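Worksheet: one structure, shown below.
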Amino acid sequence: MIDIEGINRTANDYSAESGELGQDQRQQIMNVTDDLKHTVDSVSTVWSRLGLSDREAEVAAYRELGFTNKSIAYMLDISTNTVNEYTRRAKQKYNTARALLAREEDSQALSKNWVCPKPSCGHETKRAYTNSKYNPDTNVSTWRCQECHTEYQRKIQSPDA
Ligand SMILES: [Zn+2]
């Protein structure tokens, strides 16, 4: 078990107190990177698909596991400012990628016909007849297949969400 919260606390407490970790604590935190290598490799692969660089994807993977930027700085032996910058760029690229994904879905929404995503159904119908609804309070759009009556929902996300 890797105590991620414990590592975060150590990284935060020591850097707040003295500005620097002792050699022992630093080594302890850096050792965790070996234990996590496989996990971080596979998670960062997913992040790279969104156009993140290797380093940005690595930082994103550590953050996804629950590490703070201060912890990540010690684990990768780089400055917290550098981790902050990787994080900032990763977020930017992620938002752009997500916006593009949403736009692709939206462009499908502009087409005349709609195909039911349920594999056993696949009913094709005019989009205008899918009983689609949009709730402006929740930003959720809903539509229903007139053949199998399955209801589908999609949250409309703004790129800056
Ligand atoms: Zn259907």
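Under the UniProt record's numbering, the first residue of the sequence shown carries the number 1, and numbering increases by one thereafter.
All C-beta atoms in this analysis are idealised placements derived from N, C-alpha and C, irrespective of residue type, glycine included.
This one's a predicted model, so the numbers in the text were calculated from it and none came from an experiment.
Provide the residue(s) that pair with residue i in DSSP beta bridges, ordered along the chain.
| i | result |
| --- | --- |
| GLN27 | In DSSP, GLN27 forms no bridge with anything. |
| TRP114 | THR125 |
| ARG144 | GLU151 |
| LYS133 | THR142 |
Contact check, residue i vs residue j under 8 Å by CB: the rounded distance?
| i | j | result |
| --- | --- | --- |
| THR87 | ARG63 | 7 Å |
| MET1 | ASP77 | Going by Cβ atoms, the distance from MET1 to ASP77 rounds to 24 Å, so no, they are not a contact pair. |
| THR68 | ASN113 | About 48 Å separates the two Cβ atoms, so there is no contact after all. |
| LEU36 | LYS93 | Wrong, their Cβ atoms sit about 23 Å apart, outside the cutoff. |
| ALA90 | VAL59 | 6 Å |
Does DSSP put residue i in a helix, a strand or coil?
| i | result |
| --- | --- |
| ASN84 | helix |
| SER42 | helix |
| SER48 | helix |
| ALA161 | Note that ALA161 scores 39 on pLDDT, short of 50, meaning its location in the model is unreliable and no value can be drawn from it. |
| GLY66 | coil |
| ASP54 | helix |
| ILE4 | helix |
In the DSSP assignment, find the unbroken alpha helix (DSSP H) run with residue i in it and report its ends.
| i | result |
| --- | --- |
| ASN69 | 69-76 |
| LEU21 | Unbroken run through LEU21: none, as it is neither H nor E. |
Between residue i and chain C, is the shortest Cβ-Cβ distance under 7 Å, so that the two count as touching?
| i | result |
| --- | --- |
| SER79 | No chain C appears in this structure, which consists of one protein chain only. |
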